[in-house]
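In terms of the UniProt record's numbering, the sequence shown has 462 at position 462, counting the first letter as 1, and numbering is strictly consecutive.
Note that beta-carbon positions come from the ideal geometry of N, C-alpha and C, so glycine has one too.
Since this is a predicted model, take the numbers as computed values, not measurements.
So the structure is just underneath, and the comments pick up after that.
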Amino acid sequence: MHIQWSPLSSRNMPLRPHTRSVPITSYVSQQNFKRSVSARSLGQRTQAGHTNRWQLPGALGSDLLGQAQVQRAEKFGNKSSDRKNNSADPMALHWHEDATSCPQSPLPRLVHPLSASRRTRLCKDATWSSKLDTPEERFYVLSRRVVHNAKPDAVLECLGVRWELHCSIMSSSDTLFELYTNSKRQREVELQERAVIGKGSRVSSSACGRGLVYGKWLLSGPLTLRLHVKDASINKEALSFALRTLYDPAERPDEWGEAVLSTAALLGMSNLFQKCLKEMLTLISSSTVCSFHQVSCKLKETFLQRACERWLELFLVTELSFHIKLKDLPFDLLLKTLRSPRLFASNEYEVLRAVLYWLYLKLNPLRETLPAHSIIIHFFSRETAVFLEQPQGQKYITIFQALRMHGITEWQHLQELQNIRVLPESWLLSILSNHYHTLYSGGDMVVTDFSKQAIRFGMMFHREEECCTQTISLCGFYFLLQAAKMGESDTYIFSIERLRHWDPAVSQSSIVSRPYCMRPDRSMCYQITVQSFANGKWQEHTSGPVNQEFGLCKRRCKSKPFQIEGLFPPILVTFALAFPF
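Written as structure tokens, this is what we have:
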């Protein structure tokens, strides 16, 4: 390789007598290639690392300092973009046009190697984009900023990535602290054994020199911690966030959920675990309740589990039954919710409707959208055989046994119940015959367990409402269910009033299409249950079973007011009614 001095570089150099320019020839260059470097190529300044020094366009195998600075530039390229370099031209912050690829350092890497696409981009431009693409990069930049680029004490190998850690933050993770302590103790034992062997024997430096150098580096560099992950819910994003919180507790994930909670449990980070639980409690909704309940059962977190089950008691019928996530509701959890005395629904038919939607999604698991009600009715009506009598449907019998189908009294709902080929003929015969005998006997019902046989009617009291009423018809008797707020206070009154068939609250269509009982007095057992959210949890207020005889005169047609203080909307009110003998 012939090197020619540039006129620019020798302009200020003093001339020496009896000297002349002599071409310098390199032996290695003569063997590989012969190329003259132009003055333009030699006059270009390139940047390596955080320095700005004169650098040849080609990569020299002996230039260990330059290779180390290139490696450092790859690590800190994201920070380097924010720095101002006053001594170099911004247009020159790229690799030389003659260099086709970044030089690879022969030193062992302490971090995971960058991908080929990222390395190519670094070669073209040393300034990184402000947006970090991968979880590894987000962790690396944050950790380096917090520790001021200090050397790592350990390298965690997990999920195919090498995460550089520092001993100052490992005390917040029981798992990492244990791994670090055990690895450090093992290294100390190996060092002691090597010291004993070194004193008792001599090793040829020519034969084992490289092995000793590598072993010395291995026993003096960062500790290697290996953590195996068996939980499929743990991903790189959740692991990156958990490790970032060790350096900056103010970090927040893209989504609180199963991945973060499982990662916190794996790493033994109790603070993050409790914080994630607290956040998940506030995020229970139709889209998260099933997954949250699943992870609570897996990690045996009874508090989160009870919160999910409590949410289902309130919103299974009113919210989850209208969401596609209904298909993720497990069989046992649905059965437990249906049997709960605190289940809220506007009427018993809505509970049946929710079960039919759930059953349809279980039989059609590939559906990604919730179908229309007519599609579900057609799906169950097209079969000639009864579904619950087939081998496929026998396991769902307990689900339908938990329904209070004797409370479905509307004619169109009973007609729909006969059209769908789900219930056995014996079940339909029992339901219809009980309706007939109840109407024939003036409303008398066979009630053995009020908590399981009472017919439920519910209504939701919203913030902007001052009064909420609902007119119901039950076995020829009409009642007005009322919920009213007292002025500007947080006190509410709930009551039941019997209506005459000519009362304005009873619509004309109801009088024509529904039966009306002329019985002047009707003994009724009722219970009013009020559920509202206060002090961070759902509270329940109940009147307990109350027996009262309702007449047609004013002084006997109303129930005793049930008054509650300290309620805040939304308020869910359930009226459970039964007509005993």
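ask   = Is the Cβ-Cβ distance between GLN548 and LYS560 less than 9 Å?
value = yes
query = By DSSP, does TYR436 sit in helix, in strand, or in coil?
reply = helix
key: Per DSSP, the bridge partner or partners of CYS467   = ALA484
ask   = Taking one C-beta from the stretch 358-365 and one from the stretch 401-413 each time, how about it: are there three or more such pairs within less than 8 Å?
value = no
ask   = Which residue from SER287, ASP248 and ILE284 puts its Cα closest to that of ASN271?
value = ASP248
request  = Determine which residues share a DSSP beta bridge with GLN305 and list them.
outcome  = Answer by DSSP bridge pairing: none, since GLN305 is not bridged.
ask   = Sorted by chain position, which residues of the same chain lie with C-beta nearer than 7 Å to THR469's C-beta, five sequence neighbours on each side aside?
value = LEU480, LEU481 and GLN482
message = Here's the rule I'm using: 16 or more other beta-carbon atoms within 10 Å means buried, otherwise exposed. How should GLN67 be labelled?
response = buried
query = Is THR409 helix, strand or coil by DSSP?
reply = coil
query = Would PRO580 pass as a contact of ASP444 if the rule is Cβ separation under 9 Å?
reply = yes
key: Among GLN294, GLU193, ALA259 and PRO569, the one whose alpha carbon lies nearest that of GLU466   = PRO569
Integer-rounded CB distance, given that LEU283 should sit under 8 Å from residue 592 = Nothing about residue 592 can be read from this structure; the chain reaches only from 1 to 581.
N-terminal and C-terminal residue of the alpha helix (DSSP H) that PHE241 is part of = 236-247
query = Should the stretch 539-559 be called in touch with the stretch 515-529, which here means at least 3 C-beta pairs below 8 Å?
reply = yes
inquiry  = Nearest by alpha-carbon distance to ARG555: which of ARG306, ILE496 and TRP502 is it?
reply    = ILE496
ask   = Where does THR337 land, buried or exposed, given buried means 16+ other C-beta within 10 angstroms?
value = buried
ask   = Are ILE472 and ALA578 close, meaning C-beta to C-beta below 9 Å?
value = no
key: Per DSSP, the bridge partner or partners of TRP163   = LEU156
ask   = If you compare alpha carbons, which of GLN418, GLU383, PRO424 and CYS308 is closest to ILE397?
value = PRO424
ask   = For PHE581, which of helix, strand or coil comes out of DSSP?
value = coil
ask   = Per DSSP, what kind of secondary structure is LYS184 in: helix, strand or coil?
value = helix
task = For the beta strand (DSSP E) holding HIS541, just list the boundary residues, first then last.
result = 537-542
key: Distance between LYS236 and LEU352 (C-alpha atoms, nearest Å)   = 42 Å
Proximal residues to HIS462 (C-beta, below 7 Å), its chain only, five neighbours per side dropped = PRO569 and PRO570
task = Could you check the C-alpha separation between CYS553 and CYS517 for me, to the nearest Å?
result = 15 Å
query = Going by beta carbon distance, what residues of the same chain come within less than 8 Å of ASP174, once the five residues before and after it are set aside?
reply = LEU267, GLY268, MET269 and SER270
ask   = What separation, rounded to the nearest whole angstrom, lies between the Cα atoms of ALA505 and ARG498?
value = 11 Å
query = Among the residues of its own chain, which have a CB less than 8 Å from the CB of MET280, if the five just before and after it don't count?
reply = TRP256, GLY257, LEU261, THR288, PHE292 and LEU304
ask   = Can you tell me where the alpha helix (DSSP H) with MET280 in it begins and where it stops?
value = 270-282
task = Look up LEU361 in the DSSP assignment and say whether it is helix, strand or coil.
result = helix
inquiry  = Can you find the residues in the same chain that come closer than 6 Å, C-beta to C-beta, to SER286, ignoring five residues on each side of it along the sequence?
reply    = GLU319, LEU320, HIS323 and LYS325
task = Starting from the Cα of ARG519, find the closest Cα among GLN453, GLY442 and LYS485 and give me that residue.
result = GLY442
Contacts around LEU312, its chain only, beta-carbon distance under 6 Å, and the 5 residues preceding and following it disregarded = THR337
Residues near ARG339 by beta carbon distance below 6 Å, same chain, minus five either side = ALA402
request  = Verify whether the separation of the beta carbon atoms of ILE431 and MET405 is less than 9 Å.
outcome  = yes
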